[in-house]
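Everything on this sheet refers to the single structure shown next.
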Amino acid sequence: DHCSEWKVDLTSKQHGQAATAEAVQGRRIAEENSETLSTQLLEVEGRQRNELAYLDWKHSQAATAVYRGSRDSTRQKLDERDANDTKLGRAQPVPKSGGGCTYSSASSGAALAVLAAQTQRDEAISGTSSRSRKTEKTKVA
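Right, dumping it as structure tokens:
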């Protein structure tokens, strides 16, 4: 009877030690898994940051290309317009060194003729000339 109690006690002690050892081993495995998962998570986050940085760079490159294309297209359209104006005698090309706009006398004369015609038309519609309006304003003042 005494031996059987001792055997039971030893067996329960062994079971307890085994359970403790399993718990310790389980905790160690969990910690290792946690470290592995943390490392993997950091690697994934690093890859995602790199991918986002790459996408940002790619987007900025595309935006720059669109801007350059738009700018170049605008320049080309302006150059074509200037070439057409030059062909038609409306404007002289702007000198490369001087800057500022220079127009041919034909262009200036044509612009003045158009302005005079518009003024005459406006006066005809309103029934008064610019001279008579000035006189009326002077009288009122």
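Residues -11 to 129, numbered by our numbering, are exactly what the sequence shown covers, in order. Heads up, the beta-carbon is just placed ideally off N, CA and C, and yes, glycines get one too.
**Message:** Tell me the rounded alpha-carbon separation between D67 and I113.
**Reply:** Taking the first residue of the sequence shown as position 1, residue 67 is located at position 79. Taking the first residue of the sequence shown as position 1, residue 113 is located at position 125. It is roughly 39 Å from the alpha-carbon of D67 to the alpha-carbon of I113.
**Message:** Between the alpha carbons of D60 and T52, how many angstroms are there, rounded?
**Reply:** Within the sequence shown, the letter at position 72 stands for residue 60. Within the sequence shown, the letter at position 64 stands for residue 52. D60 and T52 have their C-alpha atoms some 12 Å from each other.
**Prompt:** Among the residues of its own chain, which have a CB less than 8 Å from the CB of R35, if the five just before and after it don't count?
**Reply:** Against the sequence shown, residue 35 aligns to sequence position 47. Closer than 8 Å at the Cβ level, and outside the excluded window around R35, lies no residue.
**Message:** For E33 and D44, I'd like the C-alpha separation in whole angstroms.
**Reply:** Reading the sequence shown from its first residue, position 45 is the one you call residue 33. Reading the sequence shown from its first residue, position 56 is the one you call residue 44. Computed Cα separation, rounded: 16 Å.
**Asked** Out of curiosity, what's the CA-to-CA distance linking R56 and H47?
**Response** Translated into positions along the sequence shown, residue 56 becomes position 68. Translated into positions along the sequence shown, residue 47 becomes position 59. Rounded to whole angstroms, R56 to H47 spans 14 Å at the Cα level.
**Message:** According to DSSP, simplified to helix, strand and coil, what is L76?
**Reply:** As a first step, residue 76 must be located in the sequence shown, where it is residue number 88. Three-state DSSP puts L76 in coil, outside helix and strand.
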